[in-house]
Every structure is written in C-alpha cells, then in structure tokens.
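Residue numbers (this note's numbering): 58 to 368.
Each residue gets a CB set at the ideal place from its N, CA and C atoms; glycine is no exception.
No experiment lies behind these values; they were computed from the predicted model shown.
The structure under discussion appears below in the form of structure tokens.
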C-alpha cells in the first residue's frame, strides 16, 4: 500500500523509457533504481524464444548482494549458496553456463570461506558476473534493439509500480499457476520455480508486494532476512520423516551436494531437501520415496557425490 501512496500522483517520465542500448544503461538503471527500462528489457528476454533471462536476473541479484552492508557471516553464506545452487552450479535449474573452472573456483571459496572477510566473500561471483555481462552484451542487447517493437506511449499514464507489475504479470502468473509450489526446491518444473523466485526478488527490489493476485511474501526470495525465512519455515510442517528406515530432517545445505537418487543438485532457497540423520545421505523431497533402504552405517557410506562432473 505504501508504494501506491508514494507515487499516487506520479507517472512515468518519458526520460525513464529509453531503450537499453548498452550494458552501461543496465548498470546505470540498477545503480539509480530506474526499473522501467530494465523491466522492458527483462520482459523481452522472458518472452523471446531465442533469449534467456537467467543472465540478467543473476546480474541484478548479485549486484544487490554486492551493495548490501556486511551481514553476519552465516546469513551471507546462506545467500551465496542459494544463488550458487540456482544459477552457477552445474545442472542448477537457472544455470548461466559458466566455464567449469569458474564453477570450481566458487566451490573452493565456499569451502574455505572462513579465511575471507564478509566483504571479500561478497565478491565470490565477480567472474560469473563478467560471464553473464558478456552474454548480455554479445547476444541480447543488440537482439533486443533489433526486434523490439514495443510502444509504451499509452502506458505513460500508469504509475511506475503499476507499469512494472502489469508488464511482468502474465508471465509471472503463468509460471506460478503451472508449477508445483508446495515444494520450492523440487526438481519438477525446477526452472519455472527458480524463475518465480528470481522474479519475486526483482519485484521486491522494485518495492512491489503483489503481482496480480499473488502475494510476494508467500514466495521464497533471494537475499531475504533470517526472520522472513523463519516465517517461511513455520508455514511448512517439518517433523522428522521415516522413509525406508531413513530418519529424514529438513536441511539447509551450504555446499554443493547431489541427491543420492537422481544425482541432481539440491538447490534453491531455505531448506533444499532432506538429510538422513543416520547415514547422512541427501535427497530431494520427492526422491526420498525412491531411495534405497538406509544402511544406518555411516562408516560404510560412500562420500557424498560431488557436483563437479555430474553425469
């Protein structure tokens, strides 16, 4: 409601609707919180069959991470792994296609994060951001300006917040309504789930609380504060589950790990899946029912599968 009051009498200045013609325009729009041109560009990437919005959303989210004041280390590492497991880890649902060496470097820094200050570890995605930037420059901006036929002259009387919401609403609602949102870390429709969380994070950055009839507070968002995570966890019943002799607990992972059933990474925001209290194996929630019977013998358990070279 506050955002509606703040710009009740304001409309979109014509100077705010210029096209994105270079990466400098993107950086300037992020730095000045000028979300109108970014939203137009993002909407193009979301709807163009030859484009992918993952690079732009990753860059915007990691820029917000960089600009945040130093948070406590545990919260910062959670944020970083949630981004990594969604965008930059091999086989992650919104993978930006990093070279293997860069993915390995992120894993090494996460494993050794205690040796870095919070300000240093916030730069963990610098090389990945450069990769995303090059993809946007080389493949997307020119294509956008070549194909772009959007004329928003008739929308200039909309309030900025309403323009952003209306521009992204149809694609947001489509993915939300077609996804299995009871499990935000599922491998079913994982890409759609990752997109919903990334768009919700973007809309929150634009001071928007609702998209269509969907309240954004119900959706996990990157860089959320701990108290909001706590509320999200309380909404899900989290008793210990016993499946095939496994004692399964909801678990927040902070380093790469593969599900022992499907060998795909556990990913996303908040608790990403189950960890067995006996054998220490990890599972996606939907995969646990297909697991082998728990050996209850940690000594015989093979080391966790690494995600560096998934098959």
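DSSP state of residue i mapped onto helix, strand, coil
| i | result |
| --- | --- |
| residue 93 | helix |
| residue 125 | coil |
| residue 317 | coil |
| residue 332 | strand |
| residue 366 | Since pLDDT at residue 366 reaches only 43, below the 50 mark, its modelled position is unreliable, and the value read off the structure follows with that caveat. Looking at residue 366 - three-state DSSP - the assignment turns out to be coil, as it is neither helix nor strand. |
| residue 175 | helix |
| residue 311 | coil |
| residue 272 | strand |
| residue 267 | strand |
| residue 399 | Coverage of the chain is limited to positions 58 through 368, which leaves residue 399 absent and any answer about it impossible. |
| residue 107 | coil |
| residue 278 | coil |
| residue 185 | helix |
| residue 152 | coil |
| residue 347 | helix |
| residue 100 | helix |
| residue 297 | coil |
| residue 118 | helix |
| residue 243 | coil |
Buried or exposed (CB count within 10 angstroms, at least 16 for buried), residue i
| i | result |
| --- | --- |
| residue 134 | buried |
| residue 319 | exposed |
| residue 106 | exposed |
| residue 169 | exposed |
| residue 233 | buried |
| residue 239 | exposed |
| residue 272 | exposed |
| residue 165 | exposed |
| residue 242 | buried |
| residue 157 | exposed |
| residue 330 | buried |
| residue 317 | buried |
| residue 139 | buried |
| residue 222 | buried |
| residue 197 | buried |
| residue 89 | exposed |
| residue 227 | exposed |
| residue 325 | buried |
| residue 220 | buried |
| residue 231 | exposed |
| residue 203 | exposed |
Proximity test, residue i beta-carbon vs the ligand ADP heavy atom, cut-off 7 Å
| i | result |
| --- | --- |
| residue 123 | Absence of the ligand ADP from the depicted structure is noted, as is the absence of any ligand whatsoever, leaving it without description. |
Inter-residue Cα distance where the pair is residue i and residue j
| i | j | result |
| --- | --- | --- |
| residue 345 | residue 161 | 28 Å |
| residue 298 | residue 237 | 21 Å |
| residue 136 | residue 279 | 7 Å |
| residue 189 | residue 146 | 14 Å |
| residue 183 | residue 163 | 10 Å |
| residue 306 | residue 152 | 27 Å |
| residue 269 | residue 172 | 45 Å |
| residue 159 | residue 312 | 15 Å |
| residue 192 | residue 109 | 10 Å |
| residue 79 | residue 300 | 53 Å |
| residue 332 | residue 339 | 5 Å |
| residue 246 | residue 277 | 16 Å |
| residue 98 | residue 235 | 24 Å |
| residue 167 | residue 175 | 12 Å |
| residue 104 | residue 201 | 11 Å |
| residue 112 | residue 93 | 18 Å |
| residue 117 | residue 267 | 20 Å |
| residue 225 | residue 256 | 9 Å |
| residue 352 | residue 114 | 42 Å |
| residue 328 | residue 310 | 7 Å |
Limits of the alpha helix (DSSP H) - the one that residue i falls within
| i | result |
| --- | --- |
| residue 301 | No alpha helix (DSSP H) holds residue 301; DSSP gives it neither H nor E. |
| residue 181 | It is not in any alpha helix (DSSP H) - residue 181 carries neither H nor E in the DSSP assignment. |
| residue 324 | Residue 324 -> no alpha helix (DSSP H), and no H or E assigned at all. |
| residue 218 | 217-235 |
| residue 134 | 130-140 |
| residue 162 | 157-168 |
| residue 80 | 80-88 |
| residue 250 | 247-262 |
| residue 199 | 199-204 |
Identified DSSP bridge partners for residue i
| i | result |
| --- | --- |
| residue 340 | 331 |
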